[in-house]
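Residue numbers (my numbering): 48 to 179.
Every residue gets a Cβ at the ideal spot worked out from N, C-alpha and C, and that includes glycine.
Quantities reported herein were computed from a predicted structural model and do not represent experimental measurements.
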């Protein structure tokens, strides 16, 4: 069962982006309602004030998320929209893949050295340091 490779065009569907902004707006509105005591017993004017502030917070969050995502989409080269995504986008091209067995963690990184045994009579650097 092999799935077809995910393309960048599949990752940038407008309905999903609008859905993401809508969910973020709902979350911001709900948090605002909770923090202003909307679900507690309050006078009607405080409840109305909480609703107005929650709607403003939800609307602002929707617009900010939508504009932010749209600006981030402008950073994608249109010629690469149909290419498959098979590795992280922000890694340099010469960096080894994490899934490659035996690849060092960083380019040019040396193998870790063997641990030293201080109990076997090796001098302690802190004891011989006159500054300590």
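By alpha-carbon positions, which one of the options ends up nearest to residue i?
i: residue 75; options: 106, 133, 60; result: 106
i: residue 77; options: 101, 89, 121; result: 101
i: residue 119; options: 85, 129, 98, 136; result: 136
i: residue 66; options: 109, 82, 93; result: 109
i: residue 68; options: 116, 96, 123; result: 116
Mapping DSSP to helix, strand and coil, what is residue i?
i: residue 139; result: coil
i: residue 84; result: coil
i: residue 123; result: coil
Since residue i contacts residue j with CB under 8 Å, what's their CB separation in whole angstroms?
i: residue 71; j: residue 112; result: 5 Å
i: residue 80; j: residue 97; result: 6 Å
Could you give the residue range of the alpha helix (DSSP H) that holds residue i?
i: residue 106; result: 91-120
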